[in-house]
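According to my numbering, the sequence shown is numbered sequentially starting from 478. All C-beta atoms, glycine included, are put in the ideal place defined by N, C-alpha and C. Note that this is a predicted model, so its numbers are computed, not measured. Input: a single structure, listed below in structure tokens.
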Amino acid sequence: GSEAASEQGQEEEAEDRLKEHMDNLLDKSAKTRQAALQSLRLALSSRTLSEFLLERRLTLTDSLEKCLKRGQEGMGCGRRGPDPCLSEVSVLPTGKGEEQALAGTVLTLLCLQMGSGPEGEEAFRSLKPLLVSVLTDSTASPSARQSCATALGMCCYIAAADLE
């Protein structure tokens with residue numbers, strides 16, 4: 478009895494940490510976002526979290542999209558006014574590439590976790606144009622382009638319903 482309760486408590490604690498990492502993907506600080514991406518990468522590569530991710534896939538894909546867009550200065554992130562993509566990024570040119578590379582890796586792991594169902598396909602479809610955009614952007618860092626190429630290939634293999 479108490480062993481099961483302890484395991485349940487550990488599971489809830491781990492999920493709370495994951496939620497916190499997902500919240501931190503939207504932080505203003507590039508360092509905080511990168512740390513959150515690294516923590517998510519570690520969590521997704523060491524544990525099966527399918528149910529947890531299915532419930533939060535839209536939030537997570539939206540956050541990953543923002544992380545990928547942050548590195549694309551010319552894109553403007555689709556907002557009016559001061560460009561949120563350029564805040565802090567211009568100070569750390571290597572940081573933006575690292576953030577994009579980590580976001581691509583986390584997306585690959587997300588596709589692996591969600592599998593070939595409609596949810597995985599939906600996540601891939603929503604981010605595919607952005608992955609292609611980073612991949613073909615000659616000004617993006619090589620690590621970001623490589624990570625997006627891997628994400629595109631893996632997610633297409635796993636989650637694309639029709640032959641693409």
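Boundaries (first-last residue) of the alpha helix (DSSP H) holding ALA600:
By 1-based counting over the sequence shown, the position of residue 600 is 123. ALA600 -> alpha helix (DSSP H) spans 595-613.
Quick check on the burial criterion: 16 or more other C-beta atoms within 10 angstroms. Buried or exposed for VAL611?
Within the sequence shown, residue 611 is the residue found at index 134, counting from 1. The residue in question, VAL611, is buried, as its Cβ has 16 or more Cβ neighbours within 10 Å.
Relative to the C-alpha of ASP500, which candidate in LYS508, THR536, GLU484 has its C-alpha closest?
Here residue 500 refers to the residue found at position 23 when the sequence shown is read from its first residue. Comparing Cα-Cα distances from ASP500 to each of LYS508, THR536, GLU484, the minimum goes to THR536.
Check whether the Cβ atoms of LEU545 and ALA580 sit closer than 8 Å, and answer yes or no.
Taking the sequence shown and counting its residues from 1, one reaches residue 545 at position 68. Taking the sequence shown and counting its residues from 1, one reaches residue 580 at position 103. For the pair LEU545 and ALA580, the CB atoms are nearer than the 8 Å cut-off.
Could you compute how far the alpha carbon of LEU502 sits from the alpha carbon of GLU490?
For the purposes of this step, residue 502 is taken as the residue at position 25 of the sequence shown. For the purposes of this step, residue 490 is taken as the residue at position 13 of the sequence shown. Approximately 19 Å, taken between the alpha carbons.
Considering only the alpha carbon of each residue, which of SER603, LEU517, LYS505 lies closest to LYS496?
On the sequence shown, position 19 is the one that residue 496 refers to. Closest in C-alpha terms to LYS496, from the list SER603, LEU517, LYS505, comes LEU517.
Cα separation between THR613 and LEU607?
Working through the sequence shown from its first residue, we reach residue 613 at position 136. Working through the sequence shown from its first residue, we reach residue 607 at position 130. Taking the straight line from one Cα to the other gives about 10 Å.
Inter-residue Cα distance where the pair is SER603 and LEU531
Here residue 603 is taken as the residue at index 126 of the sequence shown, counted from 1. Here residue 531 is taken as the residue at index 54 of the sequence shown, counted from 1. Looking at the two C-alpha atoms, the distance is approximately 15 Å.
For ARG533, the nearest candidate out of LYS505, ALA626, SER523, ASP493 (CA to CA)
Residue 533 sits at position 56 when you count from the first residue of the sequence shown. Comparing Cα-Cα distances from ARG533 to each of LYS505, ALA626, SER523, ASP493, the minimum goes to ASP493.
Locate the alpha helix (DSSP H) running through LEU530, then write down its first and last residues.
By 1-based counting over the sequence shown, the position of residue 530 is 53. Run containing LEU530: 527-547, per the alpha helix (DSSP H) assignment.
Hey, could you find the ends of the alpha helix (DSSP H) ASP504 is sitting in?
Reading the sequence shown from its first residue, position 27 is the one you call residue 504. From DSSP, ASP504 is part of no alpha helix (DSSP H); its letter is neither H nor E.
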